[in-house]
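Residue numbers for the sequence shown follow our numbering, so the first one is 4 and each next one is one higher.
Backbone N, C-alpha and C define an ideal beta-carbon position, used for all residues, glycine too.
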Amino acid sequence: MVLIQILCVVIVILGLMMVSVRAQDKKAEKKPAVSSETMKSMSRADIQRALKKIESNFPPPQKMGAMCYSMLPSPDSFEYVCPVDGEKVFYSQKSQAFEQMSELQSLRGMIESLRASAGEIVVALDEHKLCTKCSPGLMDAERYVTLVLQYPDGRMVRTDRVTSEDLRYLIGFFADGLSYKTFTDGRAPLKPVEGRLKQLLGEK
Ligand SMILES: [Zn+2]
4 MVLIQILCVV IVILGLMMVS VRAQDKKAEK KPAVSSETMK SMSRADIQRA
54 LKKIESNFPP PQKMGAMCYS MLPSPDSFEY VCPVDGEKVF YSQKSQAFEQ
104 MSELQSLRGM IESLRASAGE IVVALDEHKL CTKCSPGLMD AERYVTLVLQ
154 YPDGRMVRTD RVTSEDLRYL IGFFADGLSY KTFTDGRAPL KPVEGRLKQL
204 LGEK
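Dropping the structure here:
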């Protein structure tokens, strides 16, 4: 009699366990293995893991881009129009900001692509040092564009004199992981530029 009672209790416990396992299965079914949330927010550990992948993987083959492209003659000066206050500043070839000015349009366009692929990392181009009204009294050498990355944990990484090449590395890192699109529309591995990529991500 006692044996039957014990057996009954065991059967009931087993039954309850089965039900709870099934309920957990159902919960698991609802959530995909990689939720869109984890895809969106790359934690510091995720970034370090992705950088390790570049180090350990055999670099993908280089793909040549267009061999011939027309180089437009560079103008003598660039006019900077501040998006905040409309102030106009001219930068001649003598200025150290000239090269940054020649890239500004592509930097602005590429920051949009980077923003789309960087998920919850807030990316911005800080141009305020190019404007004499926003930043009065700066020396010519202090006028440049800065890339700002702000991580979800509040950590901020600033890179002065960012170039469009830098942004190509970052876009490639977030989109592909192992390669980036070259300025001639080819593809190149990230491995040789890993040091710079780490700097840009604040992982020195
Ligand atoms: Zn301004």
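Query                                                                                                                                                              : Result
Collect the residues with a C-beta less than 6 Å away from any heavy atom of ligand 1 and give them in sequence order along the chain.                             : Cys-85, Val-87, Asp-88, Glu-90, Cys-134, Lys-136 and Cys-137
Are Asp-169 and Leu-150 touching if we call contact CB-CB under 8 Å?                                                                                               : yes
Below 8 Å CB to CB, which residues in the same chain sit around Asp-143 once its five sequence neighbours on both sides are set aside?                             : Ser-98, Gln-99 and Ala-100
Using a Cβ-Cβ cut-off of 6 Å (strictly less than) and excluding sequence neighbours within five positions of Ala-127, which residues of its own chain qualify?     : Val-151
Would you mind giving the Cβ-Cβ distance between Ile-174 and Ser-116, rounded to the nearest angstrom? I have them listed as a contact below 8 Å.                  : 5 Å
Which word fits Phe-93, buried or exposed, when buried means at least 16 other C-beta atoms lie within 10 angstroms of its C-beta?                                 : exposed
In angstroms, rounded to a whole number, what distance separates the CA positions of Gly-205 and Tyr-154?                                                          : 10 Å
Could you please give me the residues that DSSP links to Arg-161 through a beta bridge?                                                                            : Val-151
Between the Cα of Tyr-172 and those of Leu-133, Asp-156, His-131 and Ser-120, spot the shortest distance and give me the residue it belongs to.                    : Ser-120
Taking Cys-134 as the reference, give the member of Pro-64, Arg-190, Ser-59 and Phe-81 with the closest Cα.                                                        : Phe-81
Excluding the 5 residues flanking Lys-194 on each side, which residues of the same chain have their C-beta closer than 6 Å to its C-beta?                          : Ile-57 and Pro-62
So, for Asp-88: in the same chain, excluding its five sequence neighbours on each side, which residues have a beta-carbon less than 6 Å away from its beta-carbon? : Lys-136
Determine the direct distance from the alpha carbon of Lys-55 to that of Gly-122, and round the result to whole angstroms.                                         : 20 Å
Is it buried or exposed, Phe-186, if we count other Cβ atoms within 10 angstroms and call 16 or more buried?                                                       : exposed
Please identify the residue among Ser-59, Ala-69 and Val-160 whose C-alpha is closest to the C-alpha of Lys-207.                                                   : Val-160
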